[in-house]
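Comments concern the structure below.
Chains as they are written, first to last, in this note's numbering: chain A, 21 to 281; chain B, 316 to 558.
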């Protein structure tokens, strides 16, 4: 009995250290936050305000667009991976997860190699007028690339958890495969899809490494944070980080709400 | 009339072979077999949910084996009943009618009619999670029958019910069959179901259809005896208890 209690004590101590390690940096960000610097950026200096506001808006719009893209393009793939058995499925699943494994800078280089001006698909992208270097489209492409696996994997688990017999019955009652999916499978998977979308959005929001390579401009808030950190130091960067941290925390609360509902 | 000829279905390492099987209009055929004999595979092949390797399934003179499930006119009631959990009972029953594009008033009329027939009118506003096993089964039957299918497939429909409900459920399905005259194929591993429900019995063993007989002949055949031998312990206990 005494041994059990001792091991529990050790485990609790380690757990406390872990919690502190995870919580203290976030708390420190808010504790060291200087309202005067914040006011200087967002209220008193029009130039800094314009730059920061534009970076925030770009980040928000690009991450939302990337998430919308992931939902539109990811749902069919997630459904196929959840429902169908076919040769090469494992390989396909691995391909989906590769962006998760790549270091962020490598992900950026890989995107340039594929869709950049000198990339493999340059003949096609140039004909279509698609430019990713230093464009909003480039930011969306990077964010979609790094966050797609999170959305697809979460949606896949959601689809797989829906009893296949529900679709069988729907089709035996006369519904086409698409109608059965829209009226039965999709509504029942909405929670997983929403959770996947929020997680993917949070991932897109946090990207910086690949963006530094593919699309430094227009600056996202993360790129601007890196830039200001080297130019102005920590105080300005903290003030700039607060809106992003609040947005990330809001997404986290949204995610918990979706999961717990 | 349903005619199955030289049907071969492969699922993984399992192979189902049906040389010939005919089901007359209005007939209640019970497909009897142990677990893994291929009963569900046969039902799914008829309904179009597994690809067939060869053979034909002809319904009323039309080969349906290459048609998608939704164009076969075959309704299925799975073992789990598979009620749509996000829809009320009314919407579950109305599903197939909505798919067919019927008017709202026609749908309402038909749903209320079948609900009255199955004595589930009071359940129409409930969700499936609020129903008992027996109620779920009635709703699943109503949902399948309201579209007036050419053929009704029942996959172990009584297995999930407690013994008391099972008895009344058998009576209900029998009565509905008598009244509505639908054609049914009922797959089960329970020999009691075959005894209580079948006009004919098709006996499956390890993926092969080994006998198709009228109920009377089947229960005097070696197949039924062999099947019953597995329950001999139970029968002895019942005898001892005087049940």
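Quick reminder that beta carbons are idealized off the backbone N, C-alpha and C, glycines included.
Query raised in the report: Short check: CB of residue 166 of chain A to CB of residue 124 of chain A, under 9 angstroms?
Result: In contact: residue 166 of chain A and residue 124 of chain A (Cβ atoms closer than 9 angstroms).
**Report entry** Residue interval of the alpha helix (DSSP H) (run including residue 324 of chain B)
**Finding:** First-last for residue 324 of chain B: 317-326, but that is the beta strand (DSSP E), not the alpha helix (DSSP H).
Query raised in the report: If you measure beta-carbon to beta-carbon, which residues of the stretch 397-430 of chain B are closer than 8 angstroms to chain A?
Result: Answer in chain order: 397, 399, 400, 401, 410, 411, 414 and 415.
Report task. Look at the alpha carbon of residue 265 of chain A and the alpha carbon of residue 259 of chain A, and state the distance between them as a whole number of angstroms. Result -> Straight across, the Cα-Cα distance linking residue 265 of chain A with residue 259 of chain A is about 10 angstroms.
Query raised in the report: Is the Cβ-Cβ distance between residue 467 of chain B and residue 552 of chain B less than 9 angstroms?
Result: In this structure, residue 552 of chain B does not lie closer than 9 angstroms to residue 467 of chain B by Cβ.
Query raised in the report: Does the separation of the CB atoms of residue 188 of chain A and residue 359 of chain B fall below 9 angstroms?
Result: Contact flag set, yes.
Requested in this report: Going by DSSP, name the residue or residues bridged to residue 329 of chain B.
Outcome: The partner list for residue 329 of chain B (beta bridge, DSSP) reads B:326.
Report task. Kindly list the residues whose CB is nearer than 8 angstroms to the CB of residue 526 of chain B, restricted to its own chain and excluding five residues on each side of it in sequence; keep chain order. Result -> If we look at residue 526 of chain B and ignore the five residues flanking it on each side, its Cβ neighbours are 516, 517, 518, 533, 536 and 538.
Query raised in the report: What are the boundary residues of the alpha helix (DSSP H) that residue 155 of chain A is part of?
Result: In this chain, residue 155 of chain A is not harboured by any alpha helix (DSSP H), its DSSP state being neither H nor E.
Query raised in the report: So what does DSSP say about residue 202 of chain A, is it helix, strand or coil?
Result: Assigned with DSSP and collapsed to three states, residue 202 of chain A falls in helix.
Requested in this report: May I have the straight-line CA-CA distance separating residue 407 of chain B from residue 323 of chain B, to the nearest angstrom?
Outcome: Their backbone Cα atoms lie some 34 angstroms apart in a straight line.
Report task. Spatial neighbours of residue 155 of chain A within its chain, please: CB distance less than 7 angstroms, with the 5 preceding and 5 following residues excluded, ordered by chain position. Result -> Closer than 7 angstroms at Cβ, skipping near neighbours: 235.
Query raised in the report: With distances taken between CB atoms, is the gap from residue 430 of chain B to residue 438 of chain B smaller than 9 angstroms?
Result: Going by C-beta atoms, residue 430 of chain B is nearer than 9 angstroms to residue 438 of chain B.
Query raised in the report: Less than 9 angstroms separating the beta-carbons of residue 98 of chain A and residue 173 of chain A?
Result: The answer is yes: Cβ separation under 9 angstroms.
Query - C-beta contact flag for residue 329 of chain B and residue 353 of chain B at 9 angstroms - result: The criterion of a C-beta distance shorter than 9 angstroms is satisfied by residue 329 of chain B and residue 353 of chain B.
Query raised in the report: What does residue 473 of chain B touch in chain A if you count any residue whose Cβ is under 8 angstroms from its own?
Result: Neighbours of residue 473 of chain B on chain A: none; closest Cβ ~17 angstroms, over 8 angstroms.
Requested in this report: Could you tell me whether the stretch 214-223 of chain A touches the stretch 241-249 of chain A, where touching means 3 or more Cβ pairs closer than 8 angstroms?
Outcome: No: the two stretches stay apart, fewer than three of their Cβ pairs being nearer than 8 angstroms.
Report task. Determine, using beta carbons only, whether residue 319 of chain B and residue 381 of chain B come nearer to each other than 9 angstroms. Result -> No; because the gap between Cβ atoms is not below 9 angstroms, this pair is not in contact.
Report task. Could you work out which residues of chain A lie near residue 393 of chain B, taking near to mean beta carbons separated by less than 8 angstroms? Result -> Ordered by position in chain A, the residues that pass the 8 angstroms Cβ test against residue 393 of chain B are 185, 188 and 189.
Requested in this report: Could you confirm whether any beta carbon from chain A is found closer than 9 angstroms to the beta carbon of residue 364 of chain B?
Outcome: Yes, because at least one Cβ of chain A sits closer than 9 angstroms to the Cβ of residue 364 of chain B.
Query raised in the report: Which residues in the same chain as residue 436 of chain B place their Cβ atom closer than 6 angstroms to its Cβ, once the five residues preceding and following it in sequence are excluded?
Result: Same-chain partners within the cutoff: 430.
Query raised in the report: Hey, quick one: how far does the beta strand (DSSP E) through residue 368 of chain B stretch, first residue to last?
Result: Careful: residue 368 of chain B lies outside any beta strand (DSSP E) and carries neither H nor E.
Query raised in the report: Does DSSP classify residue 567 of chain B as helix, strand or coil?
Result: Past the edges of chain B, shown from 316 to 558, lies residue 567 of chain B, and the structure says nothing about it.
Query raised in the report: Excluding the five sequence neighbours on either side, which residues of its own chain have a C-beta within less than 6 angstroms of the C-beta of residue 58 of chain A, listed in chain order?
Result: Around residue 58 of chain A: 259.
Query - Contact under 9 angstroms by Cβ, residue 197 of chain A with residue 385 of chain B - result: In this structure, residue 385 of chain B lies closer than 9 angstroms to residue 197 of chain A by Cβ.
Report task. Using the Cα positions of residue 338 of chain B and residue 316 of chain B, report the straight-line distance between them to the nearest angstrom. Result -> Going from the Cα of residue 338 of chain B to the Cα of residue 316 of chain B covers about 6 angstroms.
Query - Cross-strand partners of residue 336 of chain B (DSSP beta bridge) - result: According to DSSP, which records beta bridges pairwise, residue 336 of chain B is partnered with B:319.
Query raised in the report: Between the stretch 189-209 of chain A and chain B, which residues of the former have a C-beta closer than 9 angstroms to a C-beta of the latter?
Result: Cβ proximity to chain B below 9 angstroms picks out 189, 190, 191, 192, 193, 194, 195, 196, 197, 199, 200, 203, 204, 207 and 208 from the stretch 189-209 of chain A.
Report task. Could you work out which residues of chain A lie near residue 384 of chain B, taking near to mean beta carbons separated by less than 8 angstroms? Result -> Within 8 angstroms Cβ-Cβ: 188, 191 and 192.
Query - Extent of the continuous beta strand (DSSP E) to which residue 346 of chain B belongs - result: Membership of residue 346 of chain B in the beta strand (DSSP E) is indicated by the continuous run 343-347.
Report task. Provide the residue(s) that pair with residue 467 of chain B in DSSP beta bridges, ordered along the chain. Result -> B:390 and B:499, per the DSSP bridge assignment.
Query - Integer Cβ distance of residue 523 of chain B from residue 373 of chain B, believed to fall under 8 angstroms - result: Their Cβ separation, rounded to whole angstroms, is 21 angstroms, which puts residue 523 of chain B and residue 373 of chain B out of contact at 8 angstroms.
Query raised in the report: What residues of chain A sit near residue 389 of chain B, judged by a beta carbon separation below 9 angstroms?
Result: Ordered by position in chain A, the residues that pass the 9 angstroms Cβ test against residue 389 of chain B are 192.
Requested in this report: Answer yes or no: do residue 181 of chain A and residue 387 of chain B have a C-beta to C-beta separation smaller than 9 angstroms?
Outcome: Taking 9 angstroms as the Cβ cut-off, residue 181 of chain A and residue 387 of chain B do not qualify as a contacting pair.
**Report entry** Within chain A, the residues that residue 454 of chain B reaches when beta carbons sit closer than 8 angstroms
**Finding:** Within 8 angstroms Cβ-Cβ: nothing; residue 454 of chain B doesn't reach chain A, min ~12 angstroms.
Query raised in the report: Under the rule that 16 or more other beta-carbon atoms within 10 Å means buried, what is residue 92 of chain A, buried or exposed?
Result: Under this definition residue 92 of chain A is an exposed residue.
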